[in-house]
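Trainee: Before we start, here is the structure in question, set down as structure tokens.
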Amino acid sequence: MVDSCSGVFEGGGVRGIGHVGAVCAMEEAGYRFFHLAGSSAGAVVAALLAAGFSGGELFREMERLDYGKLKGNGWPGRLGALGKGLSLAVSFGIYPMEYLGNWVEELLERKGVKTFEDIWKKGRKLWITASDVTAGRLLILPGDLEKFGLEPGKFPVWKAVQMSSAIPVFYEPCRLTDRNGCRHLIVDGGLLSNYPLWLMDGEKWPAFGFQFWNGEFSASCCQEERTFPDYVQAVVETCLDAIDRSRIAPGDGERTVKISTAVKSGEVWKNIRSTDFGIGKDEEKTLFENGRRGAEEFLEHWNFERWKRKYR
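Numbering (my numbering), first residue to last: 1026 to 1337.
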């Protein structure tokens, strides 16, 4: 039996494979996602599910993904702290986003998806968050593209995902021009809403959230930030990880799958951070299993009818 549901995926950088593990467990339990939303890495997972990928297909694609290339191969990385500083001054970000954008675009095209209209034709809906730092506002894509004189249905899905994934400082921001000719800088949706579960309030079927949890090892595995760009990057990561956490309503907490970011490296436990692009294959598999286990434990106690009686 197939149960229709909605899914909202928190941003989390390289930890996104944890979402995939959770999706696999949900699909094995008979759930299928028709309404999807996400921020940053969560937007990647949401978009690919909306295009028609299964959890198993996503796992195989993410296994092949070269996370190191997400930092690009340009001069900022080769010149160290000096290169990072110059890139920040010139481009407002250390690394370009071509590799991620090209990767998502290629995968979407395999399922016949280029624009949001293609998603809608499949009977699914997709919402992606992004942050307009020029106007200081949250964007919900594709609907808010009308503010820039763009037709939402005709906008490329991969470009919306790229906008949502542009971690401030780490990546160069994306740009949109509004009706008055003003150019806006668009960055990671997680800056303003990293876990937009509220987008699914009032759904007729279950709406599940998928959120990362740092666990008990966060205090024991700190990394010293040795350069100013590294320091700024750490500040941004802290903001992205903390946003939305302090204002999760009880009803949202009870429909949220918690995914641990803790992995064992040798004899030491550590938490994987959003920008740990040196993540190893064993660590990827651990995150995947963390997601699967989190979803399985969640489903042991989930009851939609009980949730509705309590919170609606």
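By construction, the Cβ of each residue, glycine as well, lies at the ideal position given by its N, Cα and C atoms.
Hey, would you say the C-beta of Ser1285 is under 7 Å away from at least one heavy atom of the ligand FAD?
Mentor: This structure does not include the ligand FAD; it has no bound ligands of any sort.
Trainee: Can you find at least 3 beta carbon pairs, one from the stretch 1190–1210 and one from the stretch 1114–1130, that sit closer than 8 Å?
Mentor: Yes, since at least three Cβ pairs between the stretch 1190–1210 and the stretch 1114–1130 fall closer than 8 Å, the two stretches touch.
Trainee: Going by C-alpha to C-alpha distance, which of Gly1305, Thr1281, Asp1301 and Ile1284 sits closest to Gly1291?
Mentor: The shortest C-alpha separation from Gly1291 is found at Gly1305.
Trainee: Touch check for the stretch 1215–1224 and the stretch 1057–1066: three-plus C-beta pairs under 8 Å?
Mentor: Touching, yes.
Trainee: Taking the C-alpha atoms as reference points, what is the distance between Gly1319 and Phe1180?
Mentor: The straight-line gap from Cα to Cα measures roughly 34 Å.
Trainee: Taking the alpha-carbon positions, what's the Asp1226 to Ala1232 distance?
Mentor: Computed Cα separation, rounded: 8 Å.
Trainee: Any idea if Arg1334 is buried or exposed, counting beta-carbon neighbours within 10 angstroms, 16 or more meaning buried?
Mentor: With fewer than 16 other Cβ atoms within 10 Å, it is exposed.
Trainee: From the DSSP secondary-structure annotation, give me the bridge partner or partners of Asn1296.
Mentor: DSSP lists Ala1287 as partners of Asn1296.
Trainee: Please report the residue range of the alpha helix (DSSP H) in which Ile1042 lies.
Mentor: Here the alpha helix (DSSP H) through Ile1042 covers Gly1041 to Glu1053.
Trainee: On the CB-based measure, 16 or more other CB atoms within 10 Å of its CB, does Ser1189 come out buried or exposed?
Mentor: Label assigned to Ser1189: buried.
Trainee: Under the rule that 16 or more other beta-carbon atoms within 10 Å means buried, what is Lys1229, buried or exposed?
Mentor: Exposed, by the Cβ-count rule.
Trainee: Which same chain residues, not among the five before or five after Lys1150, have their C-beta less than 8 Å away from its C-beta?
Mentor: Hits under 8 Å: Phe1059, His1060, Leu1061, Ala1075 and Ile1144.
Trainee: Against chain B, does Trp1128 count as a neighbour if the rule is that its beta carbon must be under 8 Å from one of theirs?
Mentor: Of the chains in the structure shown, none is chain B; there is only one protein chain.
Trainee: Please report how far the alpha carbon of Trp1183 lies from the alpha carbon of Arg1280, in whole angstroms.
Mentor: The alpha-carbon atoms of Trp1183 and Arg1280 are separated by roughly 28 Å.
Trainee: Taking a contact to mean a Cβ-Cβ separation below 8 Å, would you say Arg1337 touches Ala1050 in this structure?
Mentor: Taking 8 Å as the Cβ cut-off, Arg1337 and Ala1050 do not qualify as a contacting pair.
Trainee: For Gly1081, collect the residues of the same chain with a Cβ closer than 7 Å to its Cβ; drop the 5 residues on either side in sequence, then sort them by chain order.
Mentor: Excluding positions up to five away in sequence, the list reads Cys1049.
Trainee: Can you grab the Cα-Cα spacing for the pair Lys1147 / Glu1176, in whole Å?
Mentor: Their backbone Cα atoms lie some 19 Å apart in a straight line.
Trainee: Could you check where the beta strand (DSSP E) with Tyr1056 kicks off and where it finishes?
Mentor: That run of the beta strand (DSSP E) goes Tyr1056 to Gly1063.
Trainee: Extract the residue ranges of the alpha helix (DSSP H) inside the stretch 1115–1179, only unbroken runs of 4 or more that lie entirely within it.
Mentor: Listed in chain order, they are 1123–1135 and 1141–1146.
Trainee: To the nearest angstrom, how far is the alpha carbon of Val1039 from that of Ala1287?
Mentor: Cα-Cα distance, rounded: 13 Å.
Trainee: Determine whether the beta carbon atoms of Gly1046 and Phe1237 lie at a separation below 8 Å.
Mentor: No.
Trainee: Excluding the five sequence neighbours on either side, which residues of its own chain have a C-beta within less than 7 Å of the C-beta of Ser1245, listed in chain order?
Mentor: Any reading at Ser1245 must be qualified, since the residue scores a pLDDT of 46, below 50, and its modelled position is unreliable; the value itself is stated next. So no residue of the chain qualifies.
Trainee: To which residues does DSSP link Gln1236 through a beta bridge?
Mentor: Looking at the DSSP assignment, Gln1236 forms a beta bridge with Lys1283.
Trainee: For Lys1078, does the three-state DSSP call read helix, strand or coil?
Mentor: Sequence inspection shows Phe at residue 1078; the Lys mentioned does not correspond to that position. The answer is coil: DSSP assigns Phe1078 none of H, G, I, E or B.
Trainee: So, is Phe1329 buried or exposed, given that buried needs 16 or more other C-beta atoms within 10 angstroms?
Mentor: Result: exposed.
Trainee: What are the boundary residues of the alpha helix (DSSP H) that includes Leu1095?
Mentor: Careful: Leu1095 lies outside any alpha helix (DSSP H) and carries neither H nor E.
Trainee: Would you check if the distance between the CB atom of Ile1211 and the CB atom of Ser1299 is smaller than 8 Å?
Mentor: No. Outside cutoff.
Trainee: In angstroms with no decimal places, state the Cα-to-Cα distance between Leu1073 and Ile1284.
Mentor: Their backbone Cα atoms lie some 20 Å apart in a straight line.
Trainee: By DSSP, does Asp1028 sit in helix, in strand, or in coil?
Mentor: It is a strand residue.
Trainee: Indicate whether Asn1296 and Asn1205 have their beta-carbon atoms separated by less than 8 Å.
Mentor: No, the Cβ-Cβ distance between Asn1296 and Asn1205 is not below 8 Å.
Trainee: Using a Cβ-Cβ cutoff of less than 7 Å, which residues in the same chain neighbour Glu1052 once the five nearest sequence positions on both sides are dropped?
Mentor: Closer than 7 Å at the Cβ level, and outside the excluded window around Glu1052, lie Ser1079 and Gly1080.
Trainee: Note the first and the last residue of the continuous beta strand (DSSP E) segment covering Arg1204.
Mentor: That residue, Arg1204, is in no beta strand (DSSP E); it is neither H nor E in DSSP.
Trainee: State the start and end residues of the unbroken alpha helix (DSSP H) segment that holds Tyr1336.
Mentor: Its alpha helix (DSSP H) spans residues Phe1329 to Tyr1336.
Trainee: Where do the ends of the beta strand (DSSP E) carrying Phe1195 lie?
Mentor: Here the beta strand (DSSP E) through Phe1195 covers Val1194 to Tyr1196.
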